[in-house]
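Notes follow once the structure below has been shown.
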Amino acid sequence: RGTGGKWVGEQLLNHLYYHQESAFVIEGSSLRSARATRDAYACARLGSCLHLTILRHPVDRVISRYWFEGRWGLFKKPEAGSEISFSDWLRQKRQIHAGHRNERLWSVTSELYTKTLAGVVVDKNLQLSFVHLETAKEWLEAAFPLITEWLSTPHTARALGRRLCFATDGSGKPPIHVPKRRAAGGHTATRPASWLPEQADLDLLWSDNRHDLQLYDYATKLVAGRFADASLGQLPDTPPTASASKYREWLAD
Numbered sequence: 106r107g108t109g110g111k112w113v114g115e116q117l118l119n120h121l122y123y124h125q126e127s128a129f130v131i132e133g134s135s136l137r138s139a140r141a142t143r144d145a146y147a148c149a150r151l152g153s154c155l156h157l158t159i160l161r162h163p164v165d166r167v168i169s170r171y172w173f174e175g176r177w178g179l180f181k182k183p184e185a186g187s188e189i190s191f192s193d194w195l196r197q198k199r200q201i202h203a204g205h206r207n208e209r210l211w212s213v214t215s216e217l218y219t220k221t222l223a224g225v226v227v228d229k230n231l232q233l234s235f236v237h238l239e240t241a242k243e244w245l246e247a248a249f250p251l252i253t254e255w256l257s258t259p260h261t262a263r264a265l266g267r268r269l270c271f272a273t274d275g276s277g278k279p280p281i282h283v284p285k286r287r288a289a290g291g292h293t294a295t296r297p298a299s300w301l302p303e304q305a306d307l308d309l310l311w312s313d314n315r316h317d318l319q320l321y322d323y324a325t326k327l328v329a330g331r332f333a334d335a336s337l338g339q340l341p342d343t344p345p346t347a348s349a350s351k352y353r354e355w356l357a358d
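Residue 195 in this note's numbering is what sits at position 90 of the sequence shown, and the numbering runs on without skipping anything.
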């Protein structure tokens, strides 16, 4: 959730395939969930499936969730002066999901990618490890990973066009225009340009997502290698993964 899957599904895949017959979406649950298992069997019956897996900078994704649906709570009507601060929202989510005991990962703020792709069942004793991270990397190696920050690049358009058999124009432009958005904000119009999260909140998120940050870093290198095309130039830089402080400096620019 919060990586651009809705755009890819509605603006691309829905124009290429009959959704109910040939496109399956796993969102907000691990690959060990009942839904994921049913879809895996359906793929087996079809003969083969292309596993599109989209990753966004993990901390960026969490901040986006807050601005997209967190300030007043999901499905609640916005009321001036009643919004929840990012710090309070983050701590509420961490407390809520500390009690989860299944495969559901709908609004987690920690290690979403590793938990999803490693197929974990969450319980109070779960401790993610190097093994879970390597399992998630193996999934990405076998899949067709995409990077949210690069969805609107000609590199991604050309790679998807070749894999899914649709044409791009001579410049490799995406078939559908994606307006450039300021990073880390689902609804950029509602996020003040001067807003920055507290360093303490970023430090907390950095600690909570240490495996996902490694996985995202790995995925960007993997995708950059696969999508490399000298005629299109270099792919844009992605948000920093080295430290929370460097990421905060990047947000402030």
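We put the beta carbon where it would ideally sit given N, CA and C, even for glycine.
With 16 other Cβ atoms within 10 Å as the buried cut-off, status of residue i
i: residue 358; result: exposed
i: residue 201; result: exposed
i: residue 349; result: buried
i: residue 346; result: buried
i: residue 194; result: buried
i: residue 68; result: This structure does not reach residue 68, given that the chain is present from 106 up to 358, and the question cannot be answered.
i: residue 335; result: exposed
i: residue 226; result: exposed
i: residue 258; result: buried
i: residue 221; result: buried
i: residue 135; result: buried
i: residue 186; result: exposed
i: residue 271; result: exposed
i: residue 303; result: exposed
i: residue 109; result: buried
i: residue 298; result: exposed
i: residue 352; result: buried
i: residue 253; result: buried
i: residue 338; result: exposed
i: residue 142; result: exposed
i: residue 300; result: exposed
i: residue 113; result: buried
6 Å CB neighbourhood of residue i in its chain, flanking five on each side removed
i: residue 332; result: 260 and 264
i: residue 129; result: 144
i: residue 150; result: none
Reference residue i; option with closest CA among the options
i: residue 364; options: 163, 135 and 131; result: This structure cannot speak to residue 364, because the chain is shown only from 106 to 358.
i: residue 342; options: 336, 335 and 322; result: 322
i: residue 247; options: 188, 254, 324 and 253; result: 324
i: residue 117; options: 340, 351, 168 and 268; result: 268
i: residue 250; options: 232, 141, 320 and 235; result: 320
i: residue 318; options: 175, 139, 197 and 235; result: 235
i: residue 199; options: 141, 304 and 314; result: 314
i: residue 107; options: 145, 171, 146 and 262; result: 171
i: residue 166; options: 245, 216, 300 and 237; result: 216
i: residue 237; options: 223, 245, 231 and 243; result: 223
i: residue 305; options: 196, 327 and 330; result: 196
i: residue 244; options: 327, 150 and 139; result: 327
i: residue 355; options: 162, 174 and 184; result: 162
i: residue 175; options: 184, 189 and 164; result: 189
i: residue 210; options: 138, 330 and 340; result: 138
i: residue 344; options: 133, 113 and 164; result: 164
i: residue 296; options: 153, 146 and 173; result: 173
beta-carbon residue i near the ligand HEM non-hydrogen atom, thresh 7 Å
i: residue 155; result: Of ligands this structure carries none, so the ligand HEM is not represented either.
Close-in-space but distant-in-sequence residues of the same chain around residue i (CB under 8 Å, 5 per side omitted)
i: residue 233; result: 216, 219, 220, 223, 225 and 316
i: residue 242; result: 320 and 323
Cβ neighbours of residue i in the same chain (closer than 7 Å, five flanking residues each side left out)
i: residue 231; result: 225
task = Pair every Cβ in the stretch 151-159 with every Cβ in the stretch 310-317, then say whether three or more of these pairs are closer than 8 Å.
result = no
request  = Report the residue ranges of all alpha helix (DSSP H) runs contained in full by the stretch 122-166; include only those spanning at least 4 residues, in chain order.
outcome  = 124-127 and 139-151
request  = Please go through the stretch 198-251 and give each complete alpha helix (DSSP H) segment of 4 or more residues, from N-terminal end onward.
outcome  = 217-222 and 235-247
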